[in-house]
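Take a look at the structure below.
Chains as they are written, first to last, in the working numbering: chain A, 246 to 575; chain B, 246 to 575.
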């Protein structure tokens, strides 16, 4: 179960992932946002991974991992633990590749995420997030069946897959003759920010990748300050269900401590306003966890020089109707 | 006020519009939709003009018209009549070009649309849609001030601008080695379907463009059958506020009678379900009028051969919170 710290992904792994994902993922657009640009004085673009297959960026890493499972190992299946976006990513990739999938999912995960995971044909095993560890359950299930465990972030190929978000951002900006100064993205275990930072390492060396976290789950912020992986005090208490990892990943932190190193925080009320902003101004359905970077930008938590090029990643859109309505009417 | 039937736009006008709009509009993506493809047995893509500047395709035609107003005429301003999407398109284009704008808008237009039109700096003049004609009011305002009238659809440059939606669809599919068999788009006055049909005339001669209308406002369907422009019986009675034109445009019908000729209808309950489908499955905020083609597809109103390439245009996303919640909870 220990991550292979010796096998940290590189920007070459991200490029290889991009080749594997071409024609399978939705090549999500990079959208210039006039409203955000006016508000901030920067050139602001959004990268809506909400429009990705399964409604979040997680499909990228999952498919990049699963497509590399040897044919002989596929019948034994894959196992993952996730509150719902990695779950859907693994389930959808497994179905495309004809691999059986079992997902350990906390009982308090949004109903929509569980329904959609099951709709992709995966078996879902529930657990109580306060007393049980999803990764332990997934590890046991995988060992029992000889199945392949697909970690949500501490995996070379998963991180490389998520990094393709960064490559696409760089490619699209490059066509406009632009280089980004800031990319803000959500951080739970840190796979997305680690992948983006790797993608940008050689192509945009001055880029600031900002890890955006819900209040009370600022483990990246604290870990960047202390230099070691810090734990969150509680595992419950935010509706940003996608971002409630207990601490930064071991592999991801090895990458983010040097290549990211910057974080920002927003509380649930601010995230709720960002979800509403996305509804009104961007016409995009964004789930709370996916709206944290937008909230950080709107609340002025990310220092930005006038005229700089800023990208906000909207990482997922799998939100229950009730939660969405609560945001719109708050 | 009579449309210049002698000046019908051509596919060359659409190509010229595309050049004028490059770098000004959002180049909206063409998104492959796995969920819709599975449901229909076709290869279904959506074209989310919801992500366009101002939240609807109307910015294209408005900007293409306004940017061609001679500098000497600009200080006198522009005038338009619209329930809100053409209004925002004209207001936003006017602001970009430094032209004053006055918009005649019905009193029952969605509050969001009025607010957003005013936020772009336009002056809004309200009127009662049951007793007054917006185009008469706009015409009088324009005459009084020597301002340029910007018709919502019966204008060569407006139609040409909307047609760039079609060009982008053809370009993006062409990159995938595909040619569309069906493009479904909403029809109020018919500017969008006319423009798309013009764009496809030479490049995809077998393409079926389907004009999608709300029940009770099936003036295109009836006009295609009778061969003359038919009126809608009522001007109220659907929440698809963007599509309540009294009859097909004179210019647009000259184009659509030969190049479109096919229509489909959905009622408000079906449109409401389509808005919810877009929320859950596409993660896109679509207004009722913009969801009519999706409703027609979901309800099986558009005959589709298995495996064919189908594009659904989601033409706008300017929906009030209350209306959106009503759709999600219906």
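Glycine residues also receive a C-beta, built at the ideal position from the N, C-alpha and C atoms.
The model shown is predicted, which means the values in this text are computed figures rather than measured ones.
* **Through-space distance from residue 383/B to residue 246/B, alpha-carbon basis** => If you number the second chain from 1, residue 246/B lands on position 1. If you number the second chain from 1, residue 383/B lands on position 138. With a pLDDT of 39 at residue 246/B, under the threshold of 50, the modelled position of that residue is not reliable, and the figure given next carries that caveat. When rounded, the distance between both Cα atoms is 10 Å.
* Short check: CB of residue 347/A to CB of residue 319/A, under 9 Å? -> Here residue 347/A corresponds to residue number 102 of the first chain, with the count starting at 1. Here residue 319/A corresponds to residue number 74 of the first chain, with the count starting at 1. Going by C-beta atoms, residue 347/A is not nearer than 9 Å to residue 319/A.
* **Residue from 539/B, 467/B, 317/B, 571/B with nearest C-alpha to residue 560/B** => Residue mapping note: residue 560/B aligns to position 315 of the second chain, counting from 1. When only C-alpha atoms are compared, the closest one is 539/B.
* **residue 371/A: first and last residue of the uninterrupted beta strand (DSSP E) it sits in** => Start at 1 with the first residue of the first chain, and residue 371/A comes out as number 126. First-last of the beta strand (DSSP E) with residue 371/A: 368-372.
* What whole-angstrom Cβ distance do residue 483/B and residue 475/B have, given they're in contact under 8 Å? -> One-based indexing of the second chain puts residue 483/B at position 238. One-based indexing of the second chain puts residue 475/B at position 230. Residue 483/B to residue 475/B, Cβ: 17 Å. No contact.
* Counted within 10 angstroms of its Cβ, other Cβ atoms place residue 295/A as buried (16 or more) or exposed -> Reading the first chain from its first residue, position 50 is the one you call residue 295/A. Buried, because 16 or more other Cβ atoms sit within 10 Å of the Cβ of residue 295/A.
* C-beta atoms of residue 656/B and residue 266/B nearer than 9 Å -> Outside the modelled stretch of chain B, which goes from 246 to 575, sits residue 656/B, for which no answer is possible.
* What's the C-alpha gap between residue 537/B and residue 446/A? -> Here residue 537/B refers to the residue found at position 292 of the second chain. Here residue 446/A refers to the residue found at position 201 of the first chain. Their Cα atoms are separated by approximately 45 Å.
* Return the first residue and the last residue of the beta strand (DSSP E) that residue 453/B is part of. => Taking the first residue of the second chain as 1, we reach residue 453/B at position 208. Run containing residue 453/B: 453-459, per the beta strand (DSSP E) assignment.
* Asked: Using the beta-carbon count (16 or more within 10 Å), is residue 452/A buried or exposed?
  -> One-based indexing of the first chain puts residue 452/A at position 207. It is buried - the Cβ of residue 452/A has at least 16 other Cβ atoms within 10 Å.
* In its own chain, which residues sit with a C-beta less than 8 Å from the C-beta of residue 449/A, not counting the 5 before and 5 after it? -> Position 204 of the first chain, counted from the start, is the residue given in the question as residue 449/A. Within the same chain, residue 449/A has close Cβ partners 415, 424, 425.
* Return helix, strand or coil for residue 501/B, following the three-state DSSP convention. => As a position in the second chain, residue 501/B is number 256, starting the count at 1. Reduced to three states, the DSSP call for residue 501/B is helix.
* **Beta carbon proximity, residue 530/A to chain B, threshold 9 Å** => In the first chain, residue 530/A corresponds to position 285, counting from 1. Residue 530/A counts as touching chain B.
* **Of the listed residues 553/B, 299/B, 366/B, nearest to residue 290/B (C-alpha basis)** => Residue 290/B sits at position 45 when you count from the first residue of the second chain. Answer by Cα proximity: 553/B.
* Contiguous alpha helix (DSSP H) assignments of at least 4 residues, all confined to the segment 524-552 of chain A -> 533-543
* **Buried or exposed by the 16-neighbour rule on C-beta atoms within 10 Å, applied to residue 412/B** => Taking the first residue of the second chain as position 1, residue 412/B is located at position 167. Its Cβ being crowded by 16 or more others within 10 Å, residue 412/B is buried.
* Please go through the segment 267-345 of chain A and give each complete beta strand (DSSP E) segment of 3 or more residues, from N-terminal end onward. => 288-293, 323-326
* Kindly list, in the order they appear in chain A, the residues whose Cβ is closer than 7 Å to that of residue 498/B. => Along the second chain, read from residue 1 onward, the residue named residue 498/B stands at position 253. None at all; the shortest Cβ gap to chain A is about 30 Å.
* Asked: In the structure shown, what three-state DSSP assignment does residue 424/B receive?
  -> Residue numbering aside, residue 424/B sits at position 179 when the second chain is read from its first letter. Residue 424/B falls in the coil class under three-state DSSP.
* Asked: Which residue's Cα is closest to the Cα of residue 328/B: 341/B, 510/B, 359/B?
  -> Along the second chain, read from residue 1 onward, the residue named residue 328/B stands at position 83. Ranking the options by Cα distance to residue 328/B, first place goes to 359/B.
* Proximity test, Cβ basis, 9 Å: residue 577/A and chain B -> Missing from the structure shown is residue 577/A; chain A here goes from 246 to 575 and no further.
* Candidates 297/B, 298/B, 276/B: closest to residue 288/B by CA position -> By one-based count along the second chain, residue 288/B stands at place 43. The shortest Cα separation from residue 288/B among 297/B, 298/B, 276/B belongs to 276/B.
* Asked: Below 9 Å between beta carbons: does that hold for residue 378/B and residue 432/B?
  -> Here residue 378/B is taken as the residue at index 133 of the second chain, counted from 1. Here residue 432/B is taken as the residue at index 187 of the second chain, counted from 1. No, the pair does not count as a contact, with Cβ atoms beyond the cut-off.
* Asked: Is the segment 254-268 of chain B touching the segment 437-444 of chain B, taking contact as three or more C-beta pairs under 8 Å?
  -> yes
* In terms of residues, what are the limits of the beta strand (DSSP E) holding residue 508/A? -> Translated into the one-based positions of the first chain, residue 508/A becomes position 263. Taken as a continuous stretch (DSSP letters only), the beta strand (DSSP E) holding residue 508/A covers 507-511.
* To do: Would you give the residue range spanned by the beta strand (DSSP E) that residue 559/A belongs to?
  => What you label residue 559/A is simply residue 314 of the first chain in a count that begins at 1. Run containing residue 559/A: 554-559, per the beta strand (DSSP E) assignment.
* Asked: Along the segment 545-567 of chain A, what residues have a CB closer than 7 Å to any CB found in chain B?
  -> 562, 566
* Compute the Euclidean distance between the alpha carbons of residue 507/A and residue 525/A, then round it to the nearest angstrom. => Position 262 of the first chain, counting from 1, holds the residue named residue 507/A. Position 280 of the first chain, counting from 1, holds the residue named residue 525/A. So the alpha carbons of these two residues sit roughly 29 Å apart.
* Among 574/B, 564/B, 565/B, 500/B, nearest to residue 256/B - alpha-carbon criterion -> In the second chain, the residue the question calls residue 256/B occupies position 11. Checked all of 574/B, 564/B, 565/B, 500/B; the closest Cα to residue 256/B is 500/B.
* Can a CB atom of chain A be found closer than 9 Å to the CB of residue 522/B? -> Within the second chain, numbered from 1, the residue matching residue 522/B stands at position 277. Closer than 9 Å: no.
* Asked: Does any CB atom of chain B fall closer than 9 Å to the CB of residue 277/A?
  -> Taking the first residue of the first chain as 1, we reach residue 277/A at position 32. Interface residue, yes.
* Asked: For the segment 485-496 of chain A against the segment 394-402 of chain A, are there 3 or more C-beta pairs whose distance is under 8 Å?
  -> yes
* To do: Return the bridge partner residues of residue 488/B from the DSSP annotation.
  => The residue given as residue 488/B occupies position 243 in the second chain. Paired residues: none, contrary to the question.
* Under 7 Å Cβ-Cβ, which residues of chain A neighbour residue 271/B? -> Taking the second chain and counting its residues from 1, the one referred to as residue 271/B is at position 26. Going along chain A in sequence order, the residues near residue 271/B (Cβ under 7 Å) are 276, 277.
* Within this structure, are the beta carbons of residue 567/A and residue 513/A separated by less than 9 Å? -> If you number the first chain from 1, residue 567/A lands on position 322. If you number the first chain from 1, residue 513/A lands on position 268. Taking 9 Å as the Cβ cut-off, residue 567/A and residue 513/A do not qualify as a contacting pair.
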